[in-house]
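> Below is one structure. I have some questions about it.
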Amino acid sequence: MSIKIENLTHVYMKGSPFEKKALDNIDIEIKDGEFVALIGHTGSGKSTLIQHINGLLKPTSGKIIIDGVDITEKKINLNFIRKKVGLVFQYPEYQLFEETIEKDIAFGPKNLGLTNDDIVKRVKRAMNMVGLEYEEYKDKSPFELSGGQKRRVAIAGVVAMEPKVLILDEPTAGLDPKGRDDILGEIRSLHDEYNMTIILVSHSMEDVAKLADRIIVMNKGKCILDGSPAKVFNRVDVLENVGLAVPQVTYMVKKLREKGINISKDVFTVEQAKEELLKILNKS
Amino acid sequence: MIKDITIGQYIPGDSFVHKLDPRVKILISLIYIVDLFIVNSFKGYIFIVAFTVISILVSRVQFVYIYRGLKPIFILVLITAILNMFMTGGVNPPIFKWKFLVVYREGLIMAAFMTIRLIFLIVGTSLLTLTTSPIELTDGIEKLLNPMKKIGVPAHELAMMMTIALRFIPTLMDETDKIMKAQMARGADFQSGSIIQRAKSLVPILVPLFISSFRRADELAMAMEARCYRGGEGRTRMKQLKLTNRDFIASACTAVLVFISVLGRMWWH
Amino acid sequence: MEKKMILCEKVKYRYEDSDKGNSKFAIDDVSLQVEKGEFLVILGRNGSGKSTIAKHMNALLNPTSGKVYVEGLDTSDEKNTWSIRNKAGMVFQNPDNQIVATIVEEDVAFGPENLGVPPEEIRLRVNECLKRVHMYEYRKHAPHLLSGGQKQRVAIAGVLAMRPDCIIFDESTAMLDPSGRKEVLNTIKEINSKYGMTVILITHYMEEAVDADRIIVMDKGKIIMEGSPRNIFSQVAKMKDIGLDVPQITELAYELRNSGVNIRTDILTIDEMVSELCQLK
Chain U
1179 MSIKIENLTH
1189 VYMKGSPFEK
1199 KALDNIDIEI
1209 KDGEFVALIG
1219 HTGSGKSTLI
1229 QHINGLLKPT
1239 SGKIIIDGVD
1249 ITEKKINLNF
1259 IRKKVGLVFQ
1269 YPEYQLFEET
1279 IEKDIAFGPK
1289 NLGLTNDDIV
1299 KRVKRAMNMV
1309 GLEYEEYKDK
1319 SPFELSGGQK
1329 RRVAIAGVVA
1339 MEPKVLILDE
1349 PTAGLDPKGR
1359 DDILGEIRSL
1369 HDEYNMTIIL
1379 VSHSMEDVAK
1389 LADRIIVMNK
1399 GKCILDGSPA
1409 KVFNRVDVLE
1419 NVGLAVPQVT
1429 YMVKKLREKG
1439 INISKDVFTV
1449 EQAKEELLKI
1459 LNKS
Chain C
17 MIKDITIGQY
27 IPGDSFVHKL
37 DPRVKILISL
47 IYIVDLFIVN
57 SFKGYIFIVA
67 FTVISILVSR
77 VQFVYIYRGL
87 KPIFILVLIT
97 AILNMFMTGG
107 VNPPIFKWKF
117 LVVYREGLIM
127 AAFMTIRLIF
137 LIVGTSLLTL
147 TTSPIELTDG
157 IEKLLNPMKK
167 IGVPAHELAM
177 MMTIALRFIP
187 TLMDETDKIM
197 KAQMARGADF
207 QSGSIIQRAK
217 SLVPILVPLF
227 ISSFRRADEL
237 AMAMEARCYR
247 GGEGRTRMKQ
257 LKLTNRDFIA
267 SACTAVLVFI
277 SVLGRMWWH
Chain L
463 MEKKMILCEK
473 VKYRYEDSDK
483 GNSKFAIDDV
493 SLQVEKGEFL
503 VILGRNGSGK
513 STIAKHMNAL
523 LNPTSGKVYV
533 EGLDTSDEKN
543 TWSIRNKAGM
553 VFQNPDNQIV
563 ATIVEEDVAF
573 GPENLGVPPE
583 EIRLRVNECL
593 KRVHMYEYRK
603 HAPHLLSGGQ
613 KQRVAIAGVL
623 AMRPDCIIFD
633 ESTAMLDPSG
643 RKEVLNTIKE
653 INSKYGMTVI
663 LITHYMEEAV
673 DADRIIVMDK
683 GKIIMEGSPR
693 NIFSQVAKMK
703 DIGLDVPQIT
713 ELAYELRNSG
723 VNIRTDILTI
733 DEMVSELCQL
743 K
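Structure (structure tokens):
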């Protein structure tokens, strides 16, 4: 199932003095099973873009074709999109509202019109996917839990709709390092074990380097870089120009190369850096 | 853009009217409204109209904004006019009669008066909110209520509540928007179905909103205490309200208007 | 004897949890001192007790046992509360939930107004403090239109306007994006270095502690490490054990050392790493 975004433009408040072009001619295709990271500053258009992909916003011009269906047409059934594309907003724990965790996670499947049996199955599966034990947590109030756990409940609520594509907007925002690692681990397994296509919006270059197969960089509504981490992180100048950074070790490698040390450019995680450095140090 | 619309649509400016002390403006508005009901002759209303039109011109607020304030109450004015027209009794023979519907001359006059009163009531208050920022209004109300603290009116607390409410309205609107979008992404539908269904569909928005508001209030209270807030006692204010010549001129004009209205009530009826 | 800015003596704190009857100690026997003019960072995971101890420092919380003194004033004595809160200002985590007024300069004035400062003096302080945090041009703006980093800077100005002796930053960067975080950190460092303000920064981000004078690491309500940044950063294994993050460079040095390379482990910056590696070649 692919997502084709063709010449997508979105202008807020067209014709008014507050008119703003949030998206400018975006043209990308996301293939089945990819793990894509979407990076860019606040205001670069990434939030606007992801809201288009799941139908919350309609473009001013351009098309979005999901699984062969143009969702920008007027008569589109929103449920069709919601079944295929799930969207987890920032600080999703602020949307929890039900009395029990089970009921909250069931909200999505219920809105899809599933039978009660199916709903229970989905809730169980979703809780499994985010690492929350069904029997232990299903009757608890979501408000009893810690921040990180609440977030997992919220993610489960979207995962329970069993979308083919899962978009997550800064899923690690506000979490401490361990909380961050846990959530990213779960997202990784959603991709690896359950074959979900993942679109991860993030600020953290280090996180993105570890997880993504492909990085799309946005700035001022345009897509300025699109490729593998190696390809994107090598364009340090472009990234710095738009106020983004590369992982620390990548900077280190750049400086080493400037000093004449022949180390590979494609280093963005600590493991890669270690391997490359050991290679060089062992040679001498 | 919704965020930029403040309550009552304040339009910044530096006209004579804008620069009046808010306490004076509020009091003049109240007196004006009472005056509308004192006047009971068309001659009297000429002065009211003149006073109002001059005020609007001096404030440099465009008439279109005043008109916008009137649009919502059009139906109300119509109903009031019709009711007064048919319900007012009279001494002289009726002007119009059809089955049980009777209209006396007094009825027509009453309808006209009530129409004028309603319209100018709205025009007057619109002018007040168009030329006075919410903060100024809050300050003005607080200062006016201050003397009533002696009889137990919590002037400072009321003003604090109004300020905080005004401060958070745009923030809460943003949050409501976010929550709506998040629930829509889970398939929530707020638009279709019966009234009951639509009301129920608001639960996933209202519950998170309430919870977050309580949390906000809690955190805000702690932050205020950390900055040594302990109620109105001993507090000073950076912004001081000072009466200027403008305020005296405006008050004098209003006094003249009231004088004429009272005389008019005695002479022209 | 010169008074310490803040002194915590064997502080224990337990949240009242009436349902359970045996609630844990959020702060378990913590003793620490803060010197005047210091830039102290308290690092720890969520639940380590770092925010709880911070709230003891301005008398928002009182110890279950033990004592906390702010410039010699006992926090458990109610009579001292307002002086303490004047001396020790606090900037909180949520940028929105500390701004009270409808325009920036009025919010900065809130603190001095509460202290009964004369109006002209308030005006002077507001202008000065907004300039210090580089937000003077925004003085007439509505807060909801500002970015997270800008809101936090307004909050900092609001605390500075009260002329505190020390400012506590309770995870003030946790909800900000990277540029906002940078803005706020730079402001914090500036008020410490330029204006000599004692600064206590509570955080779980190690990168924010690089320039600290001293770091205290907390876990499960206790202090488990204390020392200079170099000292603390080099204990990579321990930091990871308690679930804290280590900057990539420091972790790399640690990994290389574990693989037999003779390299220092207390490396803090990219430049230090580069020169270390060049020396090895």
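Order-wise, the sequence lines are chains U, C and L. First residue of the first sequence? That's 1179 in the working numbering, and the numbers climb one at a time after it. First residue of the second sequence? That's 17 in the working numbering, and the numbers climb one at a time after it. First residue of the third sequence? That's 463 in the working numbering, and the numbers climb one at a time after it. Where is the CB? At the ideal position from N, CA and C, for every residue including glycine. Predicted, not measured: the structure shown is a model, and the values here were computed from it.
1. Run through DSSP, which three-state label would D1282 (chain U) get?
2. Please confirm if Q256 (chain C) has its CB atom under 8 Å from at least one CB of chain U.
3. Anything in chain C within Cβ reach of N1289 (chain U), meaning under 8 Å, just list it in chain order.
4. Which same chain residues, not among the five before or five after G1357 (chain U), have their C-beta less than 6 Å away from its C-beta?
5. Taking any Cβ of chain U, which residues in the segment 211-224 of chain C have a Cβ under 7 Å from it, in chain order?
6. What does T1220 (chain U) reach in chain L if we use C-beta pairs closer than 9 Å?
7. Restricting to Cα atoms, I'd like to know which of C:T179, C:I167, C:K166 and C:D234 is closest to I151 (chain C).
8. Can you tell me the Cβ-Cβ gap for G85 (chain C) and S142 (chain C), rounded? I've got them flagged as a contact below 8 Å.
9. How many whole angstroms separate the CB atoms of S1239 (chain U) and D1210 (chain U), which I take to be in contact at a CB cut-off of 8 Å?
10. In whole angstroms, what separates the C-alpha of D1231 (chain U) from that of H666 (chain L)?
11. Would T514 (chain L) pass as a contact of A488 (chain L) if the rule is Cβ separation under 8 Å?
12. Helix, strand or coil, according to DSSP, for K1142 (chain U) in the structure here?
13. Taking the beta carbon of T712 (chain L) as the centre, do at least 16 other beta carbons fall within 10 Å, making it buried, or is it exposed?
14. Residues in the segment 227-256 of chain C with C-beta within 8 Å of chain U's C-beta atoms, listed in sequence order?
15. Is T270 (chain C) buried or exposed, if buried means 16 or more other CB atoms sit within 10 Å of its CB?
16. Does the distance between the C-beta of I565 (chain L) and the nearest non-hydrogen atom of the ligand NAP fall short of 7 Å?
17. To which residues of the same chain is I47 (chain C) closer than 8 Å at the C-beta, ignoring the five residues directly before and after it?
18. Anyone know if the C-beta pair for V31 (chain C) and S75 (chain C) falls short of 8 Å?
19. Determine whether the Cβ of V736 (chain L) lies closer than 8 Å to any Cβ atom of chain U.
20. Just the chain U side, please: which residues come within less than 8 Å of P557 (chain L) by C-beta, in chain order?
21. The segment 1348-1368 of chain U: which residues have C-beta closer than 9 Å to a C-beta of chain L, in chain order?
22. Say whether chain C places a C-beta atom closer than 8 Å to the C-beta of H518 (chain L).
23. How about A1304 (chain U) and A1332 (chain U): do their beta carbons lie closer than 8 Å?
24. I'd like to know whether the C-beta of L706 (chain L) is nearer than 8 Å to at least one C-beta of chain U.
25. DSSP three-state call for A204 (chain C): helix, strand or coil?
26. Quick one, which of U:I1439, U:I1283 and U:V1337 has its alpha-carbon nearest S1319 (chain U)'s?
27. Is L1234 (chain U) close to chain C? Criterion is C-beta to C-beta, closer than 8 Å.
28. Between I27 (chain C) and chain U, is there a C-beta pair that is closer than 8 Å?
29. Listing by chain order, which chain L residues have their CB less than 9 Å from the CB of I151 (chain C)?
30. Here's the rule I'm using: 16 or more other beta-carbon atoms within 10 Å means buried, otherwise exposed. How should G683 (chain L) be labelled?
31. Grab me the residues of V588 (chain L)'s own chain with a C-beta within less than 7 Å of its C-beta, minus the 5 sequence neighbours each way, in chain order.
32. If we ignore side chains and look at the alpha-carbon of each, how far apart do S696 (chain L) and Y716 (chain L) end up?
33. When you compare only the Cα positions, how much space is there between L663 (chain L) and L505 (chain L)?
34. For R585 (chain L), which residues in chain C fall below 8 Å Cβ to Cβ?
35. Return no unless some Cβ of chain U is closer than 8 Å to the Cβ of Q78 (chain C).
36. Here's a check: name, in chain order, each residue in its chain whose Cβ is nearer than 7 Å to the Cβ of S609 (chain L), leaving out the five neighbours to either side.
Answer, in terms of the structure:
1. Position 104 of the first sequence, counted from the start, is the residue given in the question as residue 1282 (chain U). Looking at D1282 (chain U) - three-state DSSP - the assignment turns out to be helix.
2. Position 240 of the second sequence, counted from the start, is the residue given in the question as residue 256 (chain C). False, the Cβ-Cβ gap to chain U never drops below 8 Å.
3. On the first sequence, position 111 is the one that residue 1289 (chain U) refers to. Ordered by position in chain C, the residues that pass the 8 Å Cβ test against N1289 (chain U) are R202, G203, A204 and D205.
4. Within the first sequence, the letter at position 179 stands for residue 1357 (chain U). These residues qualify, in order along the chain: G1326.
5. V219, P220, V223 and P224
6. Counting from one through the first sequence, the residue named residue 1220 (chain U) turns up at place 42. Within 9 Å Cβ-Cβ: S609, G610, D639, S641 and G642.
7. One-based indexing of the second sequence puts residue 151 (chain C) at position 135. For the residues C:T179, C:I167, C:K166 and C:D234, the minimum Cα distance to I151 (chain C) belongs to C:T179.
8. Position 69 of the second sequence, counted from the start, is the residue given in the question as residue 85 (chain C). Position 126 of the second sequence, counted from the start, is the residue given in the question as residue 142 (chain C). G85 (chain C) to S142 (chain C), Cβ: 4 Å. Contact.
9. Within the first sequence, residue 1239 (chain U) is the residue found at index 61, counting from 1. Within the first sequence, residue 1210 (chain U) is the residue found at index 32, counting from 1. 27 Å between Cβ atoms; not a contact.
10. For the purposes of this step, residue 1231 (chain U) is taken as residue 53 along the first sequence, with counting starting at 1. For the purposes of this step, residue 666 (chain L) is taken as residue 204 along the third sequence, with counting starting at 1. Contrary to the premise, residue 1231 (chain U) reads as Ile rather than Asp in this sequence. Taking the straight line from one Cα to the other gives about 34 Å.
11. The residue given as residue 514 (chain L) occupies position 52 in the third sequence. The residue given as residue 488 (chain L) occupies position 26 in the third sequence. Yes, the pair counts as a contact, with Cβ atoms nearer than the cut-off.
12. Beyond the ends of chain U as shown, which are 1179 and 1462, falls residue 1142 (chain U); an answer cannot be given.
13. For this step, residue 712 (chain L) is matched to residue 250 along the third sequence. Label assigned to T712 (chain L): buried.
14. I227 and S228
15. The residue given as residue 270 (chain C) occupies position 254 in the second sequence. It is buried - the Cβ of T270 (chain C) has at least 16 other Cβ atoms within 10 Å.
16. This structure simply doesn't include the ligand NAP, nor any ligand for that matter.
17. By 1-based counting over the second sequence, the position of residue 47 (chain C) is 31. Closer than 8 Å at the Cβ level, and outside the excluded window around I47 (chain C), lie T270 and V274.
18. Along the second sequence, one-based indexing puts residue 31 (chain C) at 15. Along the second sequence, one-based indexing puts residue 75 (chain C) at 59. Looking at the sequence provided, one finds Ser at residue 31 (chain C) rather than Val. Yes, Cβ-Cβ distance for S31 (chain C) and S75 (chain C) is below 8 Å.
19. Counted from its first residue, the third sequence places residue 736 (chain L) at position 274. V736 (chain L) counts as touching chain U.
20. Here the question's residue 557 (chain L) lines up with position 95 in the third sequence. Residues of chain U passing the Cβ test: none, with the nearest at roughly 12 Å.
21. E1348, A1351, G1352, L1353, D1354, P1355, K1356, G1357, R1358 and D1359
22. As a working note, residue 518 (chain L) is residue 56 in the third sequence. False, the Cβ-Cβ gap to chain C never drops below 8 Å.
23. Here the question's residue 1304 (chain U) lines up with position 126 in the first sequence. Here the question's residue 1332 (chain U) lines up with position 154 in the first sequence. No; because the gap between Cβ atoms is not below 8 Å, this pair is not in contact.
24. Indexing the third sequence from 1 puts residue 706 (chain L) at position 244. Yes, its Cβ sits closer than 8 Å to a Cβ of chain U.
25. For the purposes of this step, residue 204 (chain C) is taken as residue 188 along the second sequence, with counting starting at 1. Note: A204 (chain C) maps to coil in three-state DSSP.
26. In the first sequence, counting from the first residue as 1, residue 1319 (chain U) sits at position 141. Taking only the C-alpha atoms, the option nearest S1319 (chain U) is U:I1283.
27. By one-based count along the first sequence, residue 1234 (chain U) stands at place 56. For L1234 (chain U), the answer is yes, since a Cβ of chain C falls inside 8 Å of its Cβ.
28. Translated into the one-based positions of the second sequence, residue 27 (chain C) becomes position 11. Judged by the 8 Å Cβ criterion, I27 (chain C) is not in contact with chain U.
29. Mapped onto the second sequence, residue 151 (chain C) falls at position 135. Here the neighbours are A563, T564, I565 and E568.
30. Within the third sequence, residue 683 (chain L) is the residue found at index 221, counting from 1. Per the 10 Å Cβ criterion, buried.
31. In the third sequence, counting from the first residue as 1, residue 588 (chain L) sits at position 126. Counting only Cβ-Cβ distances below 7 Å, and skipping sequence neighbours, we find E567, V570, A571 and A623.
32. Indexing the third sequence from 1 puts residue 696 (chain L) at position 234. Indexing the third sequence from 1 puts residue 716 (chain L) at position 254. Distance between the alpha carbons of S696 (chain L) and Y716 (chain L) is about 8 Å.
33. To locate residue 663 (chain L), count along the third sequence from 1; it is residue 201. To locate residue 505 (chain L), count along the third sequence from 1; it is residue 43. Going by the C-alpha atoms only, they are around 8 Å apart.
34. The residue given as residue 585 (chain L) occupies position 123 in the third sequence. Ordered by position in chain C, the residues that pass the 8 Å Cβ test against R585 (chain L) are M254.
35. As a working mapping, residue 78 (chain C) is identified with position 62 in the second sequence. Answer no: the Cβ-Cβ gap between Q78 (chain C) and chain U never drops below 8 Å.
36. Position 147 of the third sequence, counting from 1, holds the residue named residue 609 (chain L). Within the same chain, S609 (chain L) has close Cβ partners G642.
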